Amino acid sequence: MTETLFTDISQLATPASGLQRGAAMRGLSVTENAALLVRDGVIAWTGQAADAPQAEQTISLGGRAVVPGLVDPHTHAVWAGDRLADWDAKLSGATYEEILARGGGIRSTMRATAAATVDELVALARPRLAALRCSGATTIEVKSGYGLDPEAELRMLRAVRELRREFDLSPTLLIHVPPETGRAEYVQEVCRHLIPQAAEMGLANAVDVFTEKEAFTVEETRALLEAAQSTGLHTKLHADQFHAIGGTELACELGALSVDHLEASGPEQIAALAASDTVATILPGVTLHLGLPAAPGRKLIDAGAAVAIGTDLNPGSSPLFSTQFALALGVRLCGLTPAEALTACTVNAAAALGLTDRGSLSKGQRADFCVLEGADWREVAYVLGGNVVAEVWCGGVRATA
Ligand code: NIG
Ligand code: FE
Numbered sequence: 001m002t003e004t005l006f007t008d009i010s011q012l013a014t015p016a017s018g019l020q021r022g023a024a025m026r027g028l029s030v031t032e033n034a035a036l037l038v039r040d041g042v043i044a045w046t047g048q049a050a051d052a053p054q055a056e057q058t059i060s061l062g063g064r065a066v067v068p069g070l071v072d073p074h075t076h077a078v079w080a081g082d083r084l085a086d087w088d089a090k091l092s093g094a095t096y097e098e099i100l101a102r103g104g105g106i107r108s109t110m111r112a113t114a115a116a117t118v119d120e121l122v123a124l125a126r127p128r129l130a131a132l133r134c135s136g137a138t139t140i141e142v143k144s145g146y147g148l149d150p151e152a153e154l155r156m157l158r159a160v161r162e163l164r165r166e167f168d169l170s171p172t173l174l175i176h177v178p179p180e181t182g183r184a185e186y187v188q189e190v191c192r193h194l195i196p197q198a199a200e201m202g203l204a205n206a207v208d209v210f211t212e213k214e215a216f217t218v219e220e221t222r223a224l225l226e227a228a229q230s231t232g233l234h235t236k237l238h239a240d241q242f243h244a245i246g247g248t249e250l251a252c253e254l255g256a257l258s259v260d261h262l263e264a265s266g267p268e269q270i271a272a273l274a275a276s277d278t279v280a281t282i283l284p285g286v287t288l289h290l291g292l293p294a295a296p297g298r299k300l301i302d303a304g305a306a307v308a309i310g311t312d313l314n315p316g317s318s319p320l321f322s323t324q325f326a327l328a329l330g331v332r333l334c335g336l337t338p339a340e341a342l343t344a345c346t347v348n349a350a351a352a353l354g355l356t357d358r359g360s361l362s363k364g365q366r367a368d369f370c371v372l373e374g375a376d377w378r379e380v381a382y383v384l385g386g387n388v389v390a391e392v393w394c395g396g397v398r399a400t401a
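In UniProt numbering, the protein residues as written are 1 to 401.
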């Protein structure tokens with residue numbers, strides 16, 4: 001048994017454990033002059049330093065604030081090539097959808113990624129994941145989705161499996177872009193072979209589908225999600241990014257873990273999410289990078305939905321390498337309060353991955369936490385661009401220098 005008491009914590013700020021919806025997202029607990037006892041990687045006690053129990057080992061955190069480790073519930077951190085030419089085109093007036101329709105955009109990343117080996121993909125993704133961790137992310141979801149064919153998808157997931165030796169990752173099989181011809185056969189192949197293979201080999205925890213006018217239809221999405229559920233995998237969706245075509249409603253009906261994007265969601269989609277246990281994951285980096293409308297984070301919470309925030313780290317729509325920055329953008333662009341944004345990036349983001357053992361600094365939870373540079377927890381939502389996270393601890397072990 002190893003036991004460590006972390007002391008000299010100016011503020012210990014945390015949501016309660018479990019999914020928080022609506023007004024409960026603001027119910028942060030902030031303990032001043034706190035201490036935190038970790039036993040075998042799990043939180044054994046938290047409270048005021050004056051009441052702290054004795055422990056084998058004591059570590060002073062020097063009067064700084066502590067928040068839960070951030071959970072990044074949506075990234076495409078494995079890719080090859082770059083999208084700088086697309087970005088130039090976008091800056092000259094082409095839209096994201098036009099670039100995609102002319103074979104650029106996601107398709108150019110798919111060509112480069114499909115040509116890369118597992119080792120190359122691992123080497124490319126490692127510094128991206130390290131950057132997210134330095135920004136406070138202790139658990140990171142990583143999607144496939146840039147493979148041109150099932151073999152390339154599995155290669156991406158094998159790269160994620162390699163990286164799990166170094167990072168706490170939740171892998172997702174993303175069915176991203178339909179082939180230009182033979183899409184019915186492709187959907188059938190994915191349902192019959194790729195999804196069961198990924199499940200059997202333990203390469204994915206969830207299946208995600210890009211449901212959009214330029215991607216998969218609602219009917220195709222239903223077949224894909226049902227195939228995922230029949231293999232016991234969780235489901236998620238990219239929906240309402242450009243058009244609300246019914247993906248959100250379908251995800252809520254099927255009990256998906258989360259629906260992500262939601263920039264084009266209107267009152268019906270907000271109501272569907274508020275009436276469900278499906279997490280509404282918003283991705284403000286996309287709003288910043290593409291200059292498109294923001295997801296209605298404020299309205300979702302006011303309606304009673306559970307909101308999470310992710311970076312959506314990817315080369316096309318969100319080259320955002322900081323989970324803390326995504327949290328801060330959730331406040332600026334989506335109208336969340338700092339407390340709501342912290343909840344969105346911790347317990348709710350964990351719930352969006354089907355994880356209930358992390359995200360809150362409370363007894364029985366994994367000892368994943370961030371020590372901030374300063375004494376006030378609100379800096380995690382305030383600072384733009386500087387790193388306010390001084391130390392990252394995963395399972396009670398220091399994960400960053
Ligand atoms: O989450 N919307 C679709 N997929 C990604 C973008 C991927 C890309 O452009 O490479 C997203 O925004
Ligand atoms: Fe995405």
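Ideal placement from N, C-alpha and C gives every residue a C-beta, glycine not left out.
All of these numbers come straight from a predicted model, not from anything done at the bench.
Distance, residue j Cα to residue i Cα
i           : j      : result
His176      : Trp79  : 13 Å
residue 405 : Ala24  : Residue numbering for the chain in the displayed model covers 1 to 401; residue 405 lies beyond these limits and cannot be assessed.
Gly255      : Thr235 : 8 Å
Asn33       : Leu12  : 8 Å
Ala390      : Ala341 : 19 Å
Arg378      : Pro338 : 7 Å
Ala227      : Arg192 : 8 Å
Pro267      : Val218 : 19 Å
Gly359      : Ile282 : 17 Å
Ser276      : Ser258 : 10 Å
Arg366      : Gly62  : 22 Å
Ser10       : Ala328 : 21 Å
Phe369      : Ala89  : 41 Å
residue 488 : His74  : In this structure the chain extends from 1 to 401, so residue 488 is not present and cannot be described.
His289      : Ser318 : 6 Å
Leu124      : Ala130 : 11 Å
Val30       : Ala116 : 47 Å
Asn314      : Gly285 : 10 Å
Ala44       : Ile309 : 28 Å
Ser230      : Gly18  : 26 Å
Asn348      : Leu148 : 32 Å
Reference residue i, options the options, closest by Cα
i      : options                        : result
Gly332 : Gly297, Thr346, Thr356         : The sequence as given places Arg at residue 332; Gly does not occur at that position. Arg332 has its Cα closest to that of Gly297, out of Gly297, Thr346, Thr356.
Val371 : Val30, Ala35, Ala65            : Ala65
Pro53  : Ser60, Ala35, Pro68, Ile59     : Ala35
Arg222 : Gly246, Ala204, Glu200, Gly232 : Gly246
Leu169 : Leu336, Asp72, Thr281, Asp51   : Asp72
Glu220 : Ala116, Gly182, Pro68          : Gly182
Ile106 : Thr14, His76, Cys252           : His76
Gly145 : Ala303, Thr113, Arg165         : Thr113
Lys299 : His289, Gly285, Ala272         : Ala272
Thr248 : Ser265, Gly62, Phe242, Pro196  : Ser265
Val307 : Ala274, Glu200, Ala381, Val207 : Ala274
Gly291 : Gly63, Met156, Thr95, Ala305   : Thr95
Ser135 : Asn314, Ala251, Gly69, Val42   : Gly69
Val142 : Gly41, Gln20, Leu353, Ile43    : Leu353
Phe216 : Leu320, Pro15, His238          : His238
Asp240 : Ala280, Leu225, Gly232, Glu263 : Glu263
Gly104 : Ala137, Leu84, Arg39           : Leu84
According to DSSP, residues forming a beta bridge with residue i
i      : result
Cys370 : Val67, Val392
Ser258 : Lys236, Val279
Lys90  : For Lys90, which the question treats as bridged, DSSP gives no partner whatsoever.
Phe6   : Leu36, Ile59
Leu141 : Here residue 141 is Glu; the residue named in the question, Leu, does not match the sequence. Answer is Ser170, bridged to Glu141.
Arg161 : Answer is none; Arg161 lacks a bridge partner.
Val397 : Cys394
Ala13  : Val30
Residue i burial status per 10 Å Cβ neighbour count (16 or more: buried)
i      : result
His261 : buried
Thr46  : buried
Ser60  : exposed
Met110 : buried
Asp357 : exposed
Leu384 : exposed
Pro293 : exposed
Pro171 : buried
Leu361 : buried
Met156 : buried
Gln188 : exposed
Tyr186 : buried
Asp51  : exposed
Thr211 : buried
Glu180 : exposed
Val397 : exposed
Asp40  : exposed
Pro15  : buried
Leu132 : buried
Exercise for the section: Would you list, in sequence order, the uninterrupted alpha helix (DSSP H) runs of no fewer than 4 residues that lie entirely inside the stretch 170 to 246? Expected result: 183 to 189, 195 to 200, 218 to 230
Handout entry: Segments assigned beta strand (DSSP E), at least 3 residues, entirely inside the stretch 15 to 75
Key = The qualifying runs are 29 to 39, 42 to 48, 57 to 68, 70 to 72.
Exercise for the section: Please list the segments of the alpha helix (DSSP H) lying wholly inside the stretch 276 to 352, counting only runs of 4 or more residues, in order along the chain. Expected result: 284 to 290, 297 to 303, 323 to 334, 338 to 344, 347 to 351
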